[in-house]
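Protein chains in written order, with the numbering used here: chain Y, 169 to 431; chain P, 2 to 260. As structure tokens, the structure follows; a few thoughts come after it.
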């Protein structure tokens, strides 16, 4: 009998040295620019840091950040549930896919700002408006990722599973879900950045709280340091959630050889 | 044609597929045979002769176009759920779920059969031990060699204590040494469990080693030759059967694979 291959190297995601060089380089370039340009265009790093700390020192600001984070997660959650259901339905029924696919493609062409305008006209409640915008802008990506994963399901594995005569529920649990899970996690990572951009636009024009609303206030008082600090809060939130997703991915996809996992 | 002791009955079974150009392709034609309880039958034929289509009909993965398939008196396609826990199938490739460890792959059928977690773990562990893989229970398939993966898939098939055992060229993708070792283990397991079995192969030696009866297929799948392998057959008698099979196979023209 042939020997077992050597176990795959343990996967450890990390920020590489080059990444730190880029980030520090950007900060240095900004600081140099602040020496030559007016303060309202390029505030110093210290000024930005002061604003950044102030955000976390005030409960109102923390509430604004939490509000935005909640909206992003709720919107993505809604899009995930609806989008995944649509993706699986499209995978199971070719005729349903023929109707749904063009609609999802059409939806992808609609700018986020159009959904902002439409939701303001259609709905009264601020939270529902933002939820609606988030779902409509991120849903197609979930559907397409899940559909692709569903369609790539191994026919061999399906036949093997069917030979044991599973119930419909068991088949979904033991075969369909593990098959589409990598696609779902990828969709979460891709949509997270999109959702962060869209929620700010939505809050900018139609909310009385959140990071988008805080940015609007900074713009009205021409405070670039405040605008950058609020932007950093959003970026850090996105990076933290992305890291959490990567950790989840690392855990649930641990069966894959390290080389096949996301770098 | 069926005896009262017949576990598997193929009665004038036909199966046609539609080609992409709209034409029909006949993979199985008027196929009739029975397999008695506890009997291991080897099915032999050239590539593309419809062996795998017959296998899929037997496994209830496809429906016959004509005739009927009966396994323990039931239609494996229509009475889908009735066969839960009754079939053990070893495929040509291991078909292990990559997201399940070796032990969880072995326990798969038991999980479908709603065996309690502790019990199924114990059963799966005992099968892994029997297959010489007790040190690899927690390993994922990508960390196992081809031979080890096929051992896991054999353990998965036997773990459910199947009444009917089906194998579709399970050792053809393995090197000779590994294949020989697994073939001997498979035969021993099949005898121990007393399961009724159909073993598909394109190797005459494998058929002679594993089958109590050998059916040689001709395209589209129908029986061209039958041989009964008695336990006391002399080497000369075996050689004669081998020569007959070779003659039947040689008369069959080459063709493309069955869909």
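Positions of the beta carbon are idealized from the N, C-alpha and C atoms, including for glycine. For clarity, every value in this text was computed on a predicted model and none was experimentally measured.
Measure from the alpha carbon of residue i to the alpha carbon of each residue in the options, then state which is nearest.
i              : options                        : result
residue 216(Y) : 400(Y), 419(Y), 405(Y)         : 400(Y)
residue 309(Y) : 319(Y), 332(Y), 351(Y), 298(Y) : 351(Y)
residue 192(Y) : 324(Y), 213(Y), 249(Y)         : 213(Y)
residue 139(P) : 197(P), 105(P), 210(P), 180(P) : 105(P)
residue 97(P)  : 375(Y), 353(Y), 316(Y), 329(Y) : 329(Y)
residue 84(P)  : 14(P), 133(P), 165(P)          : 165(P)
residue 397(Y) : 383(Y), 408(Y), 389(Y)         : 383(Y)
residue 11(P)  : 133(P), 25(P), 66(P)           : 66(P)
residue 306(Y) : 286(Y), 324(Y), 275(Y), 282(Y) : 275(Y)
residue 414(Y) : 355(Y), 287(Y), 253(Y)         : 355(Y)
residue 113(P) : 211(P), 82(P), 132(P), 134(P)  : 82(P)
residue 232(P) : 185(P), 213(P), 243(P)         : 213(P)
residue 317(Y) : 395(Y), 334(Y), 257(Y), 271(Y) : 257(Y)
residue 7(P)   : 197(P), 130(P), 24(P)          : 197(P)
residue 407(Y) : 357(Y), 378(Y), 390(Y)         : 357(Y)
residue 159(P) : 118(P), 13(P), 90(P), 182(P)   : 90(P)
residue 321(Y) : 416(Y), 344(Y), 228(Y)         : 344(Y)
With a threshold of 8 Å between beta-carbons, can residue i be considered close to chain P, or not?
i              : result
residue 328(Y) : yes
residue 320(Y) : no
residue 414(Y) : no
residue 324(Y) : yes
residue 333(Y) : yes
residue 417(Y) : no
residue 206(Y) : no
residue 337(Y) : no
residue 423(Y) : yes
residue 346(Y) : yes
residue 353(Y) : no
Alpha carbon to alpha carbon, how far is residue i from residue j?
i              : j              : result
residue 86(P)  : residue 311(Y) : 35 Å
residue 240(Y) : residue 207(Y) : 32 Å
residue 100(P) : residue 254(P) : 42 Å
residue 116(P) : residue 314(Y) : 31 Å
residue 176(Y) : residue 425(Y) : At residue 176(Y), the pLDDT of 46 sits below 50, so the modelled position is not reliable; the number obtained from the coordinates is stated separately. C-alpha separation (whole angstroms): 6 Å.
residue 70(P)  : residue 217(P) : 19 Å
residue 60(P)  : residue 360(Y) : 45 Å
residue 64(P)  : residue 331(Y) : 14 Å
residue 362(Y) : residue 259(Y) : 25 Å
residue 180(Y) : residue 421(Y) : At residue 180(Y) the pLDDT is 49, less than 50, meaning the model places this residue with poor confidence; the figure from the coordinates comes in the next sentence. Cα to Cα, the separation comes out at about 13 Å.
residue 239(P) : residue 173(P) : 22 Å
residue 289(Y) : residue 251(Y) : 24 Å
residue 387(Y) : residue 373(Y) : 13 Å
residue 207(P) : residue 277(Y) : 60 Å
residue 198(Y) : residue 394(Y) : 15 Å
residue 42(P)  : residue 245(Y) : 54 Å
residue 292(Y) : residue 298(Y) : 11 Å
residue 192(P) : residue 412(Y) : 52 Å
residue 252(P) : residue 242(P) : 16 Å
residue 80(P)  : residue 333(Y) : 10 Å
residue 279(Y) : residue 385(Y) : 24 Å
residue 48(P)  : residue 301(Y) : 57 Å
residue 264(Y) : residue 284(Y) : 28 Å
residue 341(Y) : residue 92(P)  : 22 Å
residue 231(Y) : residue 371(Y) : 14 Å
residue 244(P) : residue 229(P) : 14 Å
Is there at least one Cβ from chain Y nearer than 8 Å to residue i's Cβ?
i              : result
residue 99(P)  : yes
residue 62(P)  : yes
residue 110(P) : yes
residue 14(P)  : no
residue 203(P) : no
residue 92(P)  : yes
residue 75(P)  : no
residue 121(P) : no
residue 243(P) : no
residue 82(P)  : yes
residue 85(P)  : yes
residue 188(P) : no
So, is the C-beta of residue i closer than 8 Å to a C-beta in chain A?
i              : result
residue 113(P) : Of the protein chains in the structure, Y and P, none is chain A.
Contiguous alpha helix (DSSP H) assignments of at least 4 residues, all confined to the stretch 179–236 of chain P: Within the stretch 179–236 of chain P, the complete alpha helix (DSSP H) runs of at least 4 residues are 205–211.
Minimum length 4: unbroken alpha helix (DSSP H) runs contained in the stretch 201–250 of chain Y: With a minimum length of 4 residues, the continuous alpha helix (DSSP H) runs that stay inside the stretch 201–250 of chain Y are 213–225.
3-residue-minimum beta strand (DSSP E) runs that sit fully inside the stretch 75–130 of chain P, ordered along the chain: Taken in chain order, the complete beta strand (DSSP E) segments of 3 residues or longer contained in the stretch 75–130 of chain P are 88–91.
Three-pair Cβ contact test at 8 Å for the stretch 186–203 of chain P versus the stretch 42–59 of chain P: Because the criterion of three Cβ pairs below 8 Å is met, the stretch 186–203 of chain P and the stretch 42–59 of chain P touch.
Ordered list of alpha helix (DSSP H) runs contained in the stretch 362–421 of chain Y, each at least 4 residues: The stretch 362–421 of chain Y contains these whole alpha helix (DSSP H) runs: 379–388, 392–420.
Given 8 Å, three or more beta-carbon pairs between the stretch 11–22 of chain P and the stretch 137–146 of chain P: No, they do not touch.
Sufficient close CB pairs (3 or more, under 8 Å) joining the stretch 115–131 of chain P to the stretch 61–76 of chain P: With a cut-off of 8 Å, the stretch 61–76 of chain P and the stretch 115–131 of chain P do not count as touching, because too few Cβ pairs lie within range.
Cβ contact check for the stretch 24–35 of chain P and the stretch 217–232 of chain P: 3 or more pairs under 8 Å: With the cut-off at 8 Å, the stretch 24–35 of chain P and the stretch 217–232 of chain P touch.
Contiguous beta strand (DSSP E) assignments of at least 3 residues, all confined to the stretch 35–66 of chain P: Here the runs fully enclosed are 41–45.
4 or more residues per run - each alpha helix (DSSP H) lying fully within the stretch 269–345 of chain Y: 280–290, 294–319, 323–331, 336–339, all fully within the stretch 269–345 of chain Y.
Contact the stretch 363–372 of chain Y vs the stretch 226–240 of chain Y: 3+ CB pairs below 8 Å: Yes, they touch.
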